[in-house]
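One structure is given below, encoded as structure tokens.
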Amino acid sequence: MNKDSEKYFTPQEVADALKVEARTVHTWLRDGQMKGVKIGRLWRIPQSEIDKASGAESIPEESVSRVPFEKAYNMKNYEETCKTFSIDVPEYFNFGYDVIDKWAETDRNKLAMIWTNQQGLEKKYSFRDLKNLSNQVANILLKYNINKGDRVLIMLHRVPEWWIFVIGLIKLGAVVCPCPTLLTPKDLKYRINAGKFKMVITDLENAPKINKICKQCPTLRTRMVVDGELENWASYPMELLYPAPVSHKSVSMPADLRTRSKDPMLIYFTSGTTGEPKMVLHNNAYPLGHRVTAELWHDLTPNDVHFTSSDTGWAKCAWGKIFGQWIAGACQLVIDFRGKFEATQLLPFLEKY
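Under my numbering, think of the first position of the sequence shown as 1421, with each following residue one higher.
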């Protein structure tokens, strides 16, 4: 290993140096995008490979491709923006493939999300991480017979798995329905039956709510928890490990299953202030509308870090925590706080990041 006295480093040391997840480094090694020496089961990576990756990490803003859009709008020239602004909606569009994956292809180290919680834990995800992880999720969901047009309800706190599963579902052409964790079993029963949902994705904390009403929901076929194991439930962690690691390769979609912009993608339920909550269906072009939100309201660029406090179950999450922000290439700051909202608890996080 002492080749020309070059220094070698562990994957974790490389990850720390490049400010990416260790899993990202392992993916590069597995895909042959980074070279290393394997000693038994352990990788060691030469300084030259770190230098190569480090050189590719920093791209001048003017050379960054605003994928999948050549022109990004801003409010610096208000009159010009008013005259020229338009959103072209292609016949085929998929937020997972055409935004997340294209950013990953543009810059494999580009940071997409910084996640932290009240205990001070921190995780960072590049667009490449999200590409690979959402591909894994899509492959897992296919195993459970989730296909284009199938409806899936997801109810999670502000955890990375929410974004990973939403992207994976969009890639499959499934219809995802985010719900807030404060819903009761009665609320969930109504939504599952009204929307004819085939699958529910949640966590160990909220799974008992589903157990109370699942036998009264004839369309519900599969229940999955993302943070452990539970009897009669599919387990995301176990699917990743057993019987063999799930492929992170892109899902191969037949031409007739590609998502058109007009195909359904997302369902939100209204608050139900004048009766039962009503379903509001959005198609695959919906994320494109949030270019207005991110570029003209938030004024985001690929160099920005953006924070929106919304719960993942509210429509505000779609406005401020996923679509427009990642189209603009910005990094999301996600603070997983639980319980009563206390603005003063968030200030140290905002100061830090």
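Here a beta-carbon is modelled for each residue, glycine too, at the ideal position from N, C-alpha and C.
- Counting along the chain, the unbroken alpha helix (DSSP H) around Val1586 starts and ends at 1580-1592.
- Between Ser1729 and Lys1543, the alpha-carbon positions lie close to 17 angstroms from each other.
- Val1509 is classed as exposed because its beta carbon has fewer than 16 other beta carbons within 10 Å across all chains shown.
- Annotation: Glu1715 to Leu1608 spans about 35 angstroms, alpha carbon to alpha carbon.
- When beta bridges are read from the DSSP output, Asn1537 appears opposite Asp1756.
- Apart from the 5 residues on each side of it in sequence, Val1440 sits with its Cβ closer than 7 angstroms to the Cβ of Asn1529, Lys1544, Ser1546 in its chain, given in chain order.
- Cβ contact annotation for Asn1514 (same chain, cutoff 8 angstroms, sequence separation greater than five): Ile1590, Lys1591, Gly1593, Arg1678, Thr1679, Asn1704, in chain order.
- In terms of CA proximity to Leu1650, Leu1624 leads the group Leu1624, His1726, Ala1614.
- With fewer than 16 neighbouring CB atoms inside 10 Å of its own CB, Cys1502 falls in the exposed class.
- One Cα belongs to Pro1598, the other to Arg1641, and the distance between them is close to 18 angstroms.
- Take Ile1587, set aside five residues on each side of it, and the residues of its chain with a beta-carbon closer than 7 angstroms to its own are Gly1516, Ile1520, Leu1550, Ser1554, in chain order.
- When DSSP states are grouped into helix, strand and coil, Met1685 belongs to the strand group.
- Closest in alpha carbon position to Thr1732, among Pro1722, Ile1755, Asp1724, Val1712, is Ile1755.
- In the three-state reduction of the DSSP assignment, Trp1734 falls in the coil class, being assigned neither a helical nor a strand state.
- Of Gln1432, Asn1565, Leu1708, the smallest CA-CA separation from Ile1742 is found for Leu1708.
- Assignment of alpha helix (DSSP H) within the segment 1602-1642, counting only whole runs of 4 or more residues, yields 1605-1615, 1627-1633 in chain order.
- In this structure the segment 1464-1476 does not lie against the segment 1574-1585, because fewer than three pairs of beta carbons, one per stretch, are closer than 8 angstroms.
- Pro1600 places its beta carbon 7 angstroms or farther from that of Lys1629.
- The alpha carbon of Gly1695 has as its nearest neighbour, out of Arg1450, Ala1627, Tyr1610, Glu1499, the alpha carbon of Tyr1610.
- The alpha helix (DSSP H) runs lying completely inside the segment 1692-1738 and spanning 4 residues or more are 1706-1711, given in chain order.
- Rounded to whole angstroms, the gap between the alpha carbons of Gln1636 and Ala1435 is 48 angstroms.
- For Val1457, the enclosing beta strand (DSSP E) starts and ends at 1457-1459.
- Ala1654 carries a strand assignment under DSSP once its states are collapsed to helix, strand and coil.
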